[in-house]
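First comes the structure, then the notes that go with it.
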DNA sequence: CTAACCTCCTGTTCGC
DNA sequence: TGCGAACAGGAGGTTA
């Protein structure tokens, strides 16, 4: 599932090749989560000026306006230079002067949305409520602590909500909480400065390491060059219910929180 | 306002 | 072995 590391890995593998590419045609397959929001002809003739990331969104800056692209939970982007025909799950082709940017997304939770600018209603609805970027300087221990103090919800769900800090999805929330020694059920407002400090460091460590390893490929994620990620081999708890903790040997537990599975080690993570 | 639940979708896994 | 049911989950939307 694309979380911050997978989106960032995609961005890095794509930024150089698509910058300066001129869109020559737009091919749309089955509908995605939201409609494009403009006539495809608006895009044709425009150049891709830059590729940025905000949370789990990729922002493709155009000469005029920008495209917001989300990978949902099964999406991946490829940049292909041949004219291979789209497969059943290839739902967007942006044919450019340098190659074809192709969105592959079997479950179609992803989206590609045009916005006239970053401040307009369309963009603000999607980006406006997003929290801090965890790998940036704005994400500080103090800000994390303050945000946690403001919520009585379980810390795992505060992380997943994305209003305090973005990009931490189900895999990396469980992994960060393991590194921090905090059980996912602990209420945000019960986390003090010491644990907030550990969690802050753990989030940065986990996400940076995952980016380094090309993300996690649980099923079929790959970067724009088709290369898989390897972080899943370093997971301490995610997907390891019943298996012995790498640190203490006790069985990793799985629980449900907000319709999502959470994994933790009852020995290493304190309530 | 928050928090719990629902919804979209399809490939994979599970139980009988 | 086959088949339907359950499951996985990002995140906006709805409801209480």
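In this note's numbering, the protein residues as written are 1044 to 1314. For every residue, glycine included, the Cβ atom is placed at its ideal position computed from N, Cα and C. Note that the structure is predicted; figures quoted are calculated from it, not measured.
Task: Local Cβ density within 10 Å of residue 1163, reported as buried at 16 or more and exposed below that - done: exposed
Task: Straight-line gap, residue 1149 to residue 1118 (C-alpha atoms, nearest Å) - done: For residue 1149 and residue 1118, the distance between alpha carbons rounds to 7 Å.
TODO: For residue 1172, collect the residues of the same chain with a Cβ closer than 7 Å to its Cβ; drop the 5 residues on either side in sequence, then sort them by chain order.
DONE: 1206
TODO: Please confirm whether residue 1307 and residue 1227 have their CB atoms less than 9 Å apart.
DONE: yes
Open item on the list: Let's test the definition: count the other Cβ atoms within 10 Å of the Cβ of residue 1131 and tell me whether it reaches 16, buried, or not, exposed.
Closed with: So residue 1131 counts as exposed.
Task: Close Cβ partners of residue 1253 (< 6 Å) along its chain, the five nearest in sequence each way excluded - done: 1048 and 1274
Open item on the list: So residue 1137 and residue 1144 are supposed to be a Cβ contact under 8 Å. How far apart are they, rounded?
Closed with: 4 Å
Task: Test item: CB-CB of residue 1232 and residue 1195 under 9 Å - done: A contact, by the Cβ cut-off of 9 Å.
Open item on the list: What does DSSP give as the partner residue(s) for residue 1147 in the beta ladder?
Closed with: For residue 1147, which the question treats as bridged, DSSP gives the partners 1119 and 1133.
Task: Sub-9 Å separation of residue 1099 and residue 1209 beta-carbons - done: yes
Open item on the list: Assuming residue 1095 is part of the beta strand (DSSP E), what are its boundary residues?
Closed with: 1091–1097
Open item on the list: My output table needs one value for residue 1307: the three-state DSSP class, helix, strand or coil.
Closed with: strand
Open item on the list: Do residue 1135 and residue 1070 have their beta-carbon atoms positioned less than 9 Å apart in this structure?
Closed with: yes
Open item on the list: For residue 1122 and residue 1079, which I take to be in contact (beta-carbon distance under 8 Å), what is that distance rounded to the nearest angstrom?
Closed with: Not confirmed; about 20 Å, so no contact.
Task: In chain order, each alpha helix (DSSP H) run of at least 4 residues that lies wholly inside the segment 1194–1250 - done: 1198–1204 and 1213–1223
Open item on the list: Tell me the rounded alpha-carbon separation between residue 1109 and residue 1278.
Closed with: 35 Å
Open item on the list: Applying the 10 Å Cβ sphere with the 16-neighbour rule, what's the burial state of residue 1059?
Closed with: exposed
Task: Reference residue 1006; option with closest CA among 1250, 1256, 1238 and 1116 - done: What is shown of the chain runs 1044 to 1314, which leaves residue 1006 out entirely.
Open item on the list: How far does the alpha helix (DSSP H) with residue 1296 in it extend, from its first residue to its last?
Closed with: Looking at the DSSP string, residue 1296 is not in any alpha helix (DSSP H); the run it does join, the beta strand (DSSP E), is 1296–1300.
- [ ] Flag this pair as yes or no: are the beta carbons of residue 1113 and residue 1174 separated by less than 9 Å?
- [x] no
- [ ] Count the other CB atoms, across all protein chains shown, that sit within 10 Å of the CB of residue 1312; report buried if there are 16 or more and exposed otherwise.
- [x] buried
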